[in-house]
Amino acid sequence: MSDPETPTCRVIRATDTYDGKQGLTYFCGIAAETVGSKGICMHLLTIPPGARAKAHLHENHETAIYILDGETLTLFGDRLQHQMINKAGELVYIPAGVPHLPINLSSKPASAVIARTDPNEQESVVLLPELEALAEEILARLKAAGPSASS
6 MSDPETPTCR VIRATDTYDG KQGLTYFCGI AAETVGSKGI CMHLLTIPPG ARAKAHLHEN
66 HETAIYILDG ETLTLFGDRL QHQMINKAGE LVYIPAGVPH LPINLSSKPA SAVIARTDPN
126 EQESVVLLPE LEALAEEILA RLKAAGPSAS S
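All you need for the working numbering is the position in the sequence shown, starting with 1, plus 5.
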């Protein structure tokens, strides 16, 4: 009989999902809840066409993202004043404490592998409802300006 406290290698199949506080649905992956990890969380995310996360920050952990497929626009900064396009094959770094939100403005899904330095990924997510109206204004301007505005 094996001891449940003995560390062992595990395989997780990304078939189950959960709804994150950020408003997106994630595929379950490596986390304290799934494998008992102590310093890392890694999962998959697909953002449907036209979808976006809620404005938020990760209070206590850094995030690394590898874009597998598609393209997103990420708004970031204290007033979401900065933006970057994230394309397949790129790596994105988001420091702890930086307000941000990804948006899929395209007509195709965008998928990514997300790794975080906190095994309890949702615990330090802080929603920023005070930035939601601002996010909507920025999105309306970008949509009115057309596809080249977000490049």
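Heads up, the beta-carbon is just placed ideally off N, CA and C, and yes, glycines get one too.
Note that the coordinates shown come from a computational prediction; the quantities given were computed from them, not determined experimentally.
Based on DSSP bridge pairs, tell me the residues matched to residue i.
i, result
"S116", "T51, D74"
"P46", "For clarity, residue 46 is Cys in the given sequence; the question names Pro instead. Bridge partners of C46: R121."
Let me know if residue i comes out buried or exposed under the rule of 16 or more other beta-carbons within 10 Å of its beta-carbon.
i, result
"V24", "For clarity, residue 24 is Asp in the given sequence; the question names Val instead. Label assigned to D24: exposed."
"M6", "Confidence at M6 is low in this model, with a pLDDT of 46, below 50, so its placement is unreliable and no value can be given for it."
"I143", "buried"
"Y98", "exposed"
"H87", "exposed"
"E135", "exposed"
"G102", "exposed"
"V130", "buried"
"E64", "exposed"
"E126", "buried"
"P124", "buried"
"I90", "exposed"
"A58", "buried"
Contact defined as beta carbons within less than 8 Å: I believe residue i pairs with residue j. What is the distance between those atoms, to the nearest angstrom?
i, j, result
"P107", "T77", "5 Å"
"P114", "G55", "Actually they are not in contact, since the Cβ atoms of P114 and G55 sit about 10 Å apart, beyond 8 Å."
Measuring CA to CA, which of the options is closest to residue i?
i, options, result
"T51", "G44, C33, F81", "C33"
"L139", "L80, A101, P124", "L80"
"L49", "I119, D21, K113, L110", "I119"
"S116", "H63, K26, P124, T30", "T30"
"H61", "K43, L133, K92", "L133"
"T39", "P100, A58, D21", "D21"
"C14", "G41, Q27, G28, K26", "G41"
"R18", "A36, E10, K26, G28", "A36"
"N109", "T122, A93, P100, R121", "A93"
"T122", "K43, P12, A145", "K43"
So is residue i in contact with chain C if we call contact Cβ pairs under 9 Å?
i, result
"D24", "Chain labels in this structure do not include chain C; a single protein chain is all it has."
Handout entry: Whole alpha helix (DSSP H) elements within the segment 129 to 156, 4-residue minimum
Key = 137 to 150
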